[in-house]
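Novice:
Chains as they are written, first to last, in the numbering used here: chain A, 13 to 117; chain D, 13 to 117; chain R, 13 to 117; chain X, 13 to 117.
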């Protein structure tokens, strides 16, 4: 977050680092999904499958909460700093709609 | 939201109206909680009680999502507009933490 | 659960004890709802209100999960023990529908 | 569910059909996870990624609710029908714990 006022290059670097971390987490989630598929194909006990589904759901929620935080701290704040209140409100509305879907899903 | 640039008086009026609506919804939620207590005391069927609990939980989530939206559109934007980026980031962080608790609860 | 094979009197006693505990928890939840109403009427900070809403939502979910567990261990098992498979399936279906609403609410 | 009293062969067939449907759904979920990974790698808009995460989370929950329903209607009922109350209670307890994790995740 302390890179917001930095030069474009530094912002890009910070962004790439974040992105690599997200990509690694999503790669793990993909592996977890494959693992659940294998469990079902090998007739694993249903309760054990449910445990894995809860784990992958939590992992996905963590990614979602991280992306949402980034959205608020970057997209929303950038619009607000540029004095574009309408754009900032629109981006907050998108965030609120996404939060609504997350809380209900 | 269109009152953000209005005079203080109008903002206050808008706020009071919002507040009255929240208070009415919370009064209803209190009544729902009392109703669930009564159902248990009268030995209502457990599945019917569960239906009422889902209803009150949804009502509470709607209030929470509304308050969160207000927080983002007012507290966060106001800080950002005043050029106080640190305060805006702090308020976004509080919002993210609250979203986290909501998604997990 | 160890009272399932006991006499009717003991079952009743066990049930009453459970019921008192549920009633006490629901009374607390009612008080929490009243507290949130008071916070809004006194213009409490929105994030603090959100924290209380998460607390009450968790408390309601705990009651729901307890009632669901009771439903499965009593209503469903009783039907199954009486050899009434159709009734047992019907009660499981009600439970599944309730779980569905809980997970989505 | 109407196959519960059928011959072992028919039960097996019914089970395989269920299994194929679960495997197809999990294959789709794996594809969705891969799609989210691609979206991040291609710098998709964060809100669009959040929408996809809500979709995959809902799909996972549906699989979980289906498996749970199967668990209750088969594992729990089978134990109860065999007069093995202790085993039935143990399986219900596992189900309750899984429901708890699902509701909280």
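Think of the CB as a built atom: it goes at the ideal place given N, C-alpha and C, for glycine as much as any other residue. Quick caveat: nothing in here was measured; it's all calculated off a predicted structure.
1. Spell out a yes or no on whether the stretch 52-69 of chain R and the stretch 86-98 of chain R are touching, meaning 3 or more CB-CB pairs, one atom from each, closer than 8 Å.
2. So, residue 84 of chain A versus residue 104 of chain D, is the Cβ gap smaller than 8 Å?
3. Using a beta-carbon distance below 8 Å, is residue 72 of chain A in contact with chain D?
4. So with Cβ pairs under 8 Å, would you call residue 33 of chain R a contact of chain D?
5. Beta-carbon within less than 6 Å of residue 80 of chain X's beta-carbon, same chain only, minus the 5 sequence neighbours each way: which residues are those?
6. Just by C-beta distance, which residues in the stretch 91-113 of chain D are closer than 9 Å to chain A?
7. In chain X, what lies closer than 9 Å to residue 89 of chain A by C-beta?
8. Go to residue 75 of chain A, then tell me how far its alpha helix (DSSP H) extends in each direction, as first and last residue.
9. What residues from chain R crowd round residue 42 of chain D, counting only those whose CB sits closer than 8 Å?
10. Looking at the structure shown, is residue 53 of chain D part of a helix, part of a strand, or coil, going by DSSP?
11. Under a CB-based cut-off of 8 Å, is residue 39 of chain D close to chain R?
12. Beta-carbon within less than 7 Å of residue 52 of chain X's beta-carbon, same chain only, minus the 5 sequence neighbours each way: which residues are those?
13. Looking at C-alpha atoms only, which residue of D:31, D:49, D:73, D:36 is the closest neighbour of residue 113 of chain D?
14. Show which residues of chain A have a CB atom less than 8 Å away from the CB atom of residue 79 of chain D.
15. Would you mind telling me which residues of chain R sit closer than 9 Å to residue 76 of chain D, beta carbon to beta carbon, in chain order?
16. Could you tell me which of R:42, R:48, R:66, R:110 sits nearest to residue 110 of chain D, measuring between CA atoms?
17. Might you give, ordered along the chain, the residues of its own chain that have their beta carbon closer than 8 Å to the beta carbon of residue 45 of chain R, omitting 5 neighbours on each side?
18. Residues in its own chain within less than 8 Å of residue 107 of chain R by CB, not counting five upstream and five downstream?
19. Let me see if you follow: with CB-CB separation under 8 Å, is residue 52 of chain D close to chain A or not?
20. Exposed or buried, what is residue 76 of chain X when buried is set at 16 or more other beta-carbons lying within 10 Å of its beta-carbon?
21. Is residue 100 of chain X buried or exposed, if buried means 16 or more other CB atoms sit within 10 Å of its CB?
22. Does the distance from the CB of residue 41 of chain A to the CB of residue 64 of chain A come in under 8 Å?
23. Is DSSP giving residue 108 of chain X helix, strand or coil here?
24. For the alpha helix (DSSP H) containing residue 90 of chain X, list its first residue and its last residue.
25. Quick check on this structure: which residue in R:91, R:70, R:78 has the alpha carbon closest to the alpha carbon of residue 31 of chain R?
26. Would you mind giving the Cβ-Cβ distance between residue 117 of chain X and residue 117 of chain A, rounded to the nearest angstrom? I have them listed as a contact below 8 Å.
27. By the three-class DSSP mapping on this structure, what secondary structure does residue 96 of chain A have?
28. Alpha carbon to alpha carbon, how far is residue 35 of chain A from residue 34 of chain R?
29. Alpha carbon to alpha carbon, what distance is there between residue 102 of chain A and residue 102 of chain D?
Specialist: Well, looking at it:
1. no
2. yes
3. no
4. no
5. none
6. 91, 92, 93, 95, 97, 100, 101, 104, 105, 107, 108, 111, 112
7. Those within 9 Å of residue 89 of chain A in chain X number zero; the least Cβ separation is about 13 Å.
8. 58-83
9. 42, 45, 46, 49
10. helix
11. yes
12. 61
13. D:73
14. The contacting residues do not exist; residue 79 of chain D stays about 11 Å from chain A at best.
15. 61, 62, 65, 66, 69
16. R:66
17. 68
18. 80, 83, 84, 88
19. no
20. buried
21. buried
22. no
23. helix
24. 89-93
25. R:78
26. Going by Cβ atoms, the distance from residue 117 of chain X to residue 117 of chain A rounds to 11 Å, so no, they are not a contact pair.
27. coil
28. 45 Å
29. 21 Å
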